[in-house]
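Chemist: Below is a structure I'd like to ask you about.
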Amino acid sequence: QEYLDFRKERSRMLLSRRNQLLLEFSFWNEPQPRQGPNIYELRTYKLKPGTMIEWGNNWARAIKYRQENQEAVGGFFSQIGELYVVHHLWGKGRHPWGTPSLGGSGCQPRHLPTAYRDLQSREETRNAAWRKRGWDENVYYTVPLIRTMESRIMIPLKISPLQ
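Residue numbers for the sequence shown follow UniProt numbering, so the first one is 1 and each next one is one higher.
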């Protein structure tokens with residue numbers, strides 16, 4: 001009964017809905033749990049039909065510029081629903097397995113990766129990407145493939161592993 005009440009209440013707030021079945025790009029890191037509180041940026045790109053392979057090939061080379069500090073949280077593309085839609089989920093963090101220890105072998109443990117603490121850390125991280133040699137070339141080759149793009153700032157729910 002509680003679920004039925006929830007559905008009824010939700011239907012009063014829901015204006016529209018669309019569904020997509022997404023697949024993860026094989027070259028992208030799998031999303032990992034993160035400690036919070038944090039914010040994320042979801043960038044959605046609607047590509048020109050017939051350009052998904054070219055997009056994927058460019059990003060397979062370019063993702064290294066944004067994975068160095070676990071900024072690249074997830075990369076997905078539509079398989080069912082509106083086609084030629086790509087979603088990139090961005091945050092910022094550190095490698096979850098630790099950093100090399102000083103004077104010894106192995107790694108010293110570190111906390112789980114974090115995402116953007118706030119909009120200022122998002123801006124700093126994005127500016128740092130533009131200073132990396134080769135990042136601008138990726139943008140140069142992928143921008144002509146885009147019909148539209150959208151950016152959303154997201155705050156995770158308490159139940160999300162991506163805090």
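Every residue, glycine too, gets a C-beta built ideally from N, C-alpha and C.
Any heavy atom of the ligand HEM within a distance shorter than 7 Å of the CB on Tyr3?
Modeler: What this structure holds is no ligand at all, so the ligand HEM is not there to describe.
Chemist: If you run the structure through DSSP and keep just helix, strand and coil, what is Phe76?
Modeler: Strand, per DSSP.
Chemist: Going by DSSP, which residues form a beta bridge with Tyr116?
Modeler: DSSP, once it has assigned bridges, lists Ile39 as partnering Tyr116.
Chemist: Could you check whether the stretch 70-88 touches the stretch 21-37, counting it as contact only if at least three pairs of C-beta atoms, one from each stretch, sit closer than 8 Å?
Modeler: These segments touch.
Chemist: Hey, how far is the Cα of Trp135 from the Cα of Pro31?
Modeler: So the alpha carbons of these two residues sit roughly 22 Å apart.
Chemist: Looking at the secondary structure, which residues open and close the beta strand (DSSP E) in which Ile63 lies?
Modeler: No beta strand (DSSP E) contains Ile63, which DSSP labels as neither H nor E.
Chemist: Does the distance from the C-beta atom of Tyr45 to that of Val73 stay below 8 Å?
Modeler: No, Cβ-Cβ distance for Tyr45 and Val73 is not below 8 Å.
Chemist: For Glu150, which residues does DSSP report across the bridge?
Modeler: According to DSSP, Glu150 bridges with Thr44.
Chemist: Using only CA atoms, which one of Thr125, Glu137, Pro37 lies nearest to Glu71?
Modeler: Considering only alpha carbons, the answer is Thr125.
Chemist: Give me the Cβ distance between Asn38 and Gly91, rounded to the nearest whole Å; I'm assuming they're in contact under 8 Å.
Modeler: Between Gly91 and Asn38 the Cβ distance is about 6 Å, and since that is below 8 Å, they are a contact.
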